[in-house]
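Asks: In numbering that gives the first Met the number 0, the protein residues as written are 0 to 124.
Yeah, the Cβ is synthetic: ideal placement off N, Cα and C, and Gly gets one too.
The structure displayed is predicted, hence computed values, not measured ones.
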Amino acid sequence: MSRSSTLYRQFFLAEERFLNHPLIPGFEQDVIVDMTQAGMNLAAYYGQQNALRNPLLQELFLRRVFFHLCNSVEDKHQSRVFRRICLDYLHCPLLALKKCYGGNHVSKFLSLKQSLLQLHHSSGL
0 MSRSSTLYRQ FFLAEERFLN HPLIPGFEQD VIVDMTQAGM NLAAYYGQQN ALRNPLLQEL
60 FLRRVFFHLC NSVEDKHQSR VFRRICLDYL HCPLLALKKC YGGNHVSKFL SLKQSLLQLH
120 HSSGL
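#1: If I measure Cβ to Cβ from residue 78 and keep anything under 8 Å in the same chain, skipping five residues before and after, which residues do I get?
#2: Measure the CB-CB distance between residue 142 and residue 88 and report whether it falls below 7 Å.
#3: Closer than 8 Å is the cut-off here; do at least three beta carbon pairs connect the segment 92-109 with the segment 53-71?
#4: Have a look at 52, 80 and 38 and flag the residue whose alpha-carbon is nearest the alpha-carbon of residue 61.
#5: When burial is assigned at 16 or more other CB atoms within 10 Å of the CB, is residue 6 buried or exposed?
#6: With a threshold of 16 other CB atoms inside 10 Å of the CB of residue 72, please say whether the residue is buried or exposed.
#7: So, residue 10 versus residue 51, is the Cβ gap smaller than 7 Å?
#8: Does residue 75 come out as helix, strand or coil in the three-state DSSP assignment?
#9: From residue 80 to residue 33, what distance separates their C-alpha atoms?
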């Protein structure tokens, strides 16, 4: 299997586990870290300085991880522990997006940062 196939497989398996399966208490952090790290790895693959560089796919996967975590923090059906860990891990894709945007898209980054601040205050965590 090629490197991209492996990265896609890891990401979609981790994403499915994050979104669809009931979690066994105590394994929340493993599920969240797997999905976050798989998304960051896939984004980094498209952010490399080579022929495969694709800033749109890099941004897509970073934003996908960011919004999955945001939606989980807002989901009252998730356990408080799961929601808190998601909130703690939101900085990973946010900082990667800041680096991805550089100085060109400051308004996009500020919009994400503002939504994170609103989420933090409204979540009650």
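Replies: Per the coordinate set shown:
#1: By 1-based counting over the sequence shown, the position of residue 78 is 79. Apart from sequence neighbours up to five positions away, the residues of its chain that approach residue 78 with a beta-carbon distance below 8 Å are 22, 24 and 27, ordered along the chain.
#2: The displayed coordinates of the chain run from 0 to 124. Any statement about residue 142 would go beyond what the structure contains.
#3: Yes, since at least three Cβ pairs between the segment 92-109 and the segment 53-71 fall closer than 8 Å, the two stretches touch.
#4: What you label residue 61 is simply residue 62 of the sequence shown in a count that begins at 1. Ranking 52, 80 and 38 by Cα distance to residue 61 puts 38 first.
#5: Residue 6 sits at position 7 when you count from the first residue of the sequence shown. In summary, residue 6 is buried, with 16 or more beta-carbon neighbours lying within 10 Å of its beta-carbon over all protein chains present.
#6: Sequence index remark: in the sequence shown, residue 72 carries index 73 (1-based). Classification of residue 72: buried, given that the 10 Å Cβ count is 16 or more.
#7: Indexing the sequence shown from 1 puts residue 10 at position 11. Indexing the sequence shown from 1 puts residue 51 at position 52. No.
#8: Your numbering for residue 75 matches position 76 in the sequence shown. Of the three classes helix, strand and coil, the one that applies to residue 75 here is coil, per DSSP.
#9: The residue given as residue 80 occupies position 81 in the sequence shown. The residue given as residue 33 occupies position 34 in the sequence shown. Residue 80 and residue 33: Cα-Cα distance of roughly 16 Å.
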